[in-house]
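According to mature numbering (1 follows the signal peptide of the UniProt record, and there is no 0), the residues represented by the sequence shown are -21 to -1, 1 to 139, in order.
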Amino acid sequence: MRILFRIIPLCMLLFSFMACDDDEEVKVETLEVTPANLNGTWRLVEWNGEPMADGTYCYITFVRRDKTFEMYQKFDSMYARFLSGIFEIEKDTYLGYIISGKYNNSLGGRWNNSYIVTELLPAGTMIWTVKDDAGDVSKYVRCDGVPSKIVEEARDDIDN
């Protein structure tokens, strides 16, 4: 009987090690990159692994119905800038989903880069990587909208 009481705890210990499998990968559910899944406002929170510097920002609002965007940004100016235009999404066999766009300004220029969109999560985050520069990575987080102070500042700049 003593041997049985020694064997049972030993077996329980062995079975507990067998139940833990470190090789299992946690699969995160991602969304398909479509105008419907991008619809809404997104805020740039990281650029190349670093948080945005104080006083700089980028908010982009996608409208799925007509594939348009409105962007409020402050990178290269003292003041907020408002940009708008159209966007398109294509699916590349090797790269995945690629987003690009064209501005509505007088020049009607295309975006400087096209971006590979990955890790579009239901929780409201996505990663953009410049198609021709894998080292240029941006992380966006879904938000309720562009802060009214930023909208007013950009509108004042447009009116002047």
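The C-beta atom is built at its ideal place from N, Cα and C for all residues, glycine as well.
Beta strand (DSSP E) runs contained entirely in the region 10 to 62, provided each spans 3 or more residues: Entirely contained in the region 10 to 62, the beta strand (DSSP E) runs reaching 3 residues are, in chain order, 19 to 26, 36 to 42 and 47 to 53.
Given 8 Å, three or more beta-carbon pairs between the region 75 to 82 and the region 26 to 37: no
Own chain, CB closer than 8 Å to Val120, minus 5 neighbours either side, in chain order: Position 141 of the sequence shown, counted from the start, is the residue given in the question as residue 120. Trp21, Arg22, Val24, Gly103 and Thr104.
Residue 186 - partner residues in DSSP beta bridges: In this structure the chain extends from -21 to 139, so residue 186 is not present and cannot be described.
8 Å Cβ cutoff met for Asn18 and Phe48: Translated into the one-based positions of the sequence shown, residue 18 becomes position 39. Translated into the one-based positions of the sequence shown, residue 48 becomes position 69. It is not a contact, given that the beta carbons lie outside the stated cut-off.
Exposure of Ala59, with buried meaning 16 or more beta-carbon neighbours within 10 Å: Taking the sequence shown and counting its residues from 1, one reaches residue 59 at position 80. Flag for Ala59 reads buried.
Tyr94 burial status per 10 Å Cβ neighbour count (16 or more: buried): As a working mapping, residue 94 is identified with position 115 in the sequence shown. Answer is buried; the Cβ neighbour count reaches 16.
Per DSSP, the bridge partner or partners of Trp107: Taking the first residue of the sequence shown as position 1, residue 107 is located at position 128. Its beta-bridge partners are Val96 and Ser117.
Environment of Thr72 [buried if 16+ CB atoms lie within 10 Å]: Working through the sequence shown from its first residue, we reach residue 72 at position 93. Label assigned to Thr72: exposed.
Alpha-carbon to alpha-carbon, Thr97 and Thr9: Numbered from its first residue, the sequence shown carries residue 9 at position 30. Numbered from its first residue, the sequence shown carries residue 97 at position 118. Distance between the alpha carbons of Thr9 and Thr97 is about 8 Å.
Thr13 versus Gly124: straight-line alpha-carbon distance, rounded: Here residue 13 refers to the residue found at position 34 of the sequence shown. Here residue 124 refers to the residue found at position 145 of the sequence shown. So the two alpha carbons sit approximately 20 Å from each other.
Lys118 classed as buried or exposed, judged by whether at least 16 other C-beta atoms fall within 10 angstroms: In the sequence shown, the residue the question calls residue 118 occupies position 139. Buried: at least 16 other Cβ atoms inside 10 Å.
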